[in-house]
Every structure is written in structure tokens, then in C-alpha cells.
Amino acid sequence: MKNDPWDTLDPPKVSESINARRVDAELRWGLFWAKSVDDKCLFVIQHDKEAAPNGRMPRLEGIEVKEAVGPGGNGRILVFGLNESVHRDLFHSLCLDIVSCVSNAENEKEMVHKALARTWRWHHLLRGGRDHRLSPEEQKGLIGELVVLERHLIGVLNAADAVSAWVGPLGAPKDFQTGRVCIEVKTRRGGATPHVKVSSESQLDESGLHALFLFVIDLDRAPADSDIGHTLTDIVSRVRNTVENLDAAAVVALENVLAAGGFRSADDYSDMRWVEGSVRAYRVTNGFPRLAASDIPVGVSSVRYEIALSQCEPFGLEAEEVERFVAGEN
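Our numbering puts the first residue of the sequence shown at 1088, with every later residue one more than the last.
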């Protein structure tokens, strides 16, 4: 590989340390080529604690992404590590793409957000297997978020702000966030047991928020060869057209989130149509059946659990009330 930035870096001699060199002294952000004590190639992004990501990290074959304490306990670092040297060229290309992507970020939080968003795009692009389409469960999840974006954010916020609020595919713990108001979206089969699955202790944790809402959408596959319902591509096209009509510039941001969520326009989803059922909204507040990070013992993480919708009914509310919070009227 020509111009390999790790060729001139030696591994450090001290355990638990790294040897690093700044990517470009002209860049505003602290981006570094680095090597670990075991001679592993690293790409490091230095940032303040306030800019630290709190969602799940993307994973690529042979490449690990993790958050760590900065050198000497100062600040934080986002570390991209190459576990398999056979992917060194690919890793270099990913790092250069991230450098280009974050160069015009306005602050550190946006810089870290952009770096992870770009990595999620690579994650979905490089997913293994011959069929790169989203699985049925992944399609359901993306459709649910698109439904909420289309009906309850676009029009309540301007198009650019509505799209910017959609952060779930970028690895954030909640699907939507605007200011201190968040929305989590769950989809389920209409005839299934009335439960929804929660995939982390952060998803329904309202700590530090003004308000957190849960939307539950019943979504079923249409019978084979049926022309009822809509495909994922139909729904994406509809939302894309709406955004473009309101603010053509916001379409670029929408495409970035869709790509991070694994959607590619070239993929054919015509063999799978979806029929929407009931949509319910709940406010997650004191007494709501959920686990929060403060409920979890130290050392326990990545908690998964189910909640019974019957126990959520006292917290139900009309979608219009959620929209008032999104608009900043409550």
C-alpha cells in the first residue's frame, strides 16, 4: 500500500499506551494514526467528554471501534483498531473517508457524530453474504422510523431539523432526538403477543430529558403476490419526495441516514410488502415499565428485555400531544 501512514510508526514499549502521529497539523480536530503495543494499526479521534457517543458502535469485519479514556485520563478517544492485517488497505480507505467527512464539522460533538455515521455506512456496505438487502426485521424497524419521521416530525419541524432529529441509524440510543425531547420507535407483528423488545438499558431511559415517548407500530407482511401494502422502497421514495419538496438540501442528510440504516436504492424489495396496523404512543415517565441505566448494577451492560403493552396503557397519549413537545410547545 502506497503512503501507508503506519509504516513509520513503531509500537510503544509501554503496555496500555499507544504511539501516535497527527493525521494533519492543518486539521482542526485531533485525528491520529497510531499503533498499539502489540503492533496493531489504529486510527484515533480525540474529543472532550461532552462529545462522547452513547449509542452502540458500528462493527466491520476485522475492525473494532471503541470509546476509551484519553491519555493521562484527559478527555476521551474514539479508537478504530485493525484486528486483521489482510484488511489494511480497506482500513486505510475507511480512515481517509472519515477524515474527509469530519473536516468541516462545526464542533466536536458533530465531528464524532459524523465519524460514526460514516462508519455505519461502511458497516452496511460491507455486510457479509450475497444478499445485501435488509432482513425483514431490519426493514420493519426502518419503516417504523420512517412512519414517525413522515407523520410526526416533518411538518412539525422544518424538513432539515426533522431529518437531523433522526439519529437512531447513526448509533444513538434513541431513534429521534430534538433538543431534550426523544422518541423511541418499536414495530411488532399485529397478532403477536402484546410485548415489545427493548435492546438496551439506554433506549427507555429518560434521565436528563425533558420528555421521552415510545411509539409502537403494528406492521405485518402482506401475503405473497399481493398488491396491498407498500414496499420499503415505496415508503423511502415517498418520504424522500416530501423532504425534497420542502427543502432540497435536506435530501442529502436524509440519504446519509438511510445509508447508515442499511438502505440502498439499488436493492430490490419488490418481493416484500408491508401492511400497517395500529399505532400507539406512550410517554415514558415515572412508573413506566422499563429499566434505566441507574437500575443496572455496576459491571452489567447490554441489557435486553421485554415490556408488556398492557402495563403501558396508563401512559398512553395522543400523537398530537407528542407533536406539541417536538414543536417546543410543552
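In this text, a Cβ means the ideal position worked out from N, Cα and C, and glycines have one as well.
Where does residue i fall in DSSP's three states?
i	result
H1179	helix
W1209	helix
N1161	coil
K1227	helix
A1353	coil
L1221	coil
E1237	helix
E1393	strand
V1186	helix
L1203	helix
G1216	The pLDDT assigned to G1216 is 47, lower than 50, so where the model puts this residue is not dependable; a value taken from the coordinates is nonetheless given after this. Coil at G1216, not helix or strand.
L1096	coil
Alpha carbon to alpha carbon, how far is residue j from residue i? Give it in angstroms, no decimals.
i	j	result
Y1392	H1282	10 angstroms
N1373	V1339	38 angstroms
E1113	V1186	12 angstroms
V1152	R1367	36 angstroms
H1200	I1132	11 angstroms
E1423	A1337	A query on residue 1423 cannot be resolved here, the shown segment of the chain reaching from 1088 to 1417 and no further.
W1093	A1121	7 angstroms
H1111	G1168	Going by the sequence as given, residue 1111 is Asp instead of His. Rounded to the nearest angstrom, the two C-alpha atoms are 19 angstroms apart.
V1409	N1106	49 angstroms
N1417	L1177	48 angstroms
I1150	L1096	19 angstroms
W1207	G1157	23 angstroms
K1227	K1100	49 angstroms
M1198	L1118	11 angstroms
L1404	F1302	10 angstroms
L1244	R1411	11 angstroms
R1175	R1146	16 angstroms
S1365	L1203	34 angstroms
R1217	N1161	Per-residue confidence for R1217 stands at a pLDDT of 45, beneath the threshold of 50, marking its modelled position as unreliable; the derived number appears in the next sentence. Distance between the alpha carbons of R1217 and N1161: 44 angstroms.
E1137	G1266	15 angstroms
On a CA-only basis, which of the options is nearest residue i? Give me that one, please.
i	options	result
L1423	V1186, L1306, R1108	Nothing about residue 1423 can be read from this structure; the chain reaches only from 1088 to 1417.
V1413	G1242, V1390, S1397	G1242
Q1398	Y1369, E1405, V1390	Y1369
I1315	S1190, S1357, V1385	S1357
V1344	H1210, K1100, S1104, F1300	H1210
V1390	L1404, S1123, L1291	L1291
E1103	R1115, S1123, D1091, T1265	S1123
V1272	P1260, A1279, T1280	P1260
Locate the beta strand (DSSP E) running through residue i, then write down its first and last residues.
i	result
E1405	Premise fails: E1405 is in no beta strand (DSSP E) and is neither H nor E.
E1154	1150 to 1156
V1131	1128 to 1134
N1106	1105 to 1109
For residue i, report the span of its alpha helix (DSSP H) as first-last.
i	result
L1118	Unbroken run through L1118 is the beta strand (DSSP E), 1117 to 1123; no alpha helix (DSSP H).
Taking 6 angstroms as the cut-off, does the CB of residue i come closer than this to any heavy atom belonging to the ligand FAD?
i	result
S1286	Within the structure as shown, the ligand FAD is missing, as the structure has no ligands at all.
Complete runs of the alpha helix (DSSP H) confined to the region 1240 to 1322 [at least 4 residues]:
You should have 1246 to 1252.
Beta strand (DSSP E) segments (min. 3 residues) lying fully within the region 1336 to 1386:
Counting only runs of 3+ residues, the beta strand (DSSP E) found wholly inside the region 1336 to 1386 occupies 1361 to 1370, in chain order.
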